[in-house]
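Asks: Here it is, the structure, as structure tokens.
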Amino acid sequence: MSRDRFITTMASLQFVNKDIRAERVQTNRFAAISDIWSCFTKNCAASFSRGQHITINKQLFPTK
């Protein structure tokens with residue numbers, strides 16, 4: 001995501017249910033964004049598809 005797109009997205013986010021946020025913040029520090037964050041992580045997991053060149057905690061270097 002580009003920087004400009006990120007700034008636009010962050011400026012557009014609104015948390016409208018302020019009535020229950022005070023209650024939720026006592027048990028969850030991230031109450032204001034927890035719903036959006038859970039949707040984001042679900043979408044990331046759904047969008048990810050492994051390829052044949054997957055690596056974990058390593059860096060691939062091109063070879064001839």
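Residues in the sequence shown are numbered from 1 upward in steps of one, following the UniProt record's numbering.
All residues carry an ideal CB built from backbone N, CA and C; glycine is no exception.
Give me the Cα-Cα distance between V25 and A31, rounded to the nearest whole angstrom.
Replies: For this step, residue 25 is matched to residue 25 along the sequence shown. For this step, residue 31 is matched to residue 31 along the sequence shown. So the two alpha carbons sit approximately 5 Å from each other.
Asks: For S34 versus N28, is the C-beta distance shorter than 8 Å?
Replies: Numbered from 1 along the sequence shown, position 34 holds the residue referred to as residue 34. Numbered from 1 along the sequence shown, position 28 holds the residue referred to as residue 28. Against a cut-off of 8 Å, the Cβ pair of N28 and S34 comes out as a contact.
Asks: Could you give the distance in angstroms between the alpha-carbon of A11 and the alpha-carbon of F61?
Replies: Locating residue 11 in the sequence shown gives position 11, where the first residue counts as 1. Locating residue 61 in the sequence shown gives position 61, where the first residue counts as 1. Cα to Cα, A11 sits roughly 38 Å from F61.
Asks: Please return the same chain residues whose Cβ sits closer than 7 Å to the Cβ of M1, not counting the five positions on each side in sequence.
Replies: Taking the first residue of the sequence shown as position 1, residue 1 is located at position 1. Hits under 7 Å: none found.
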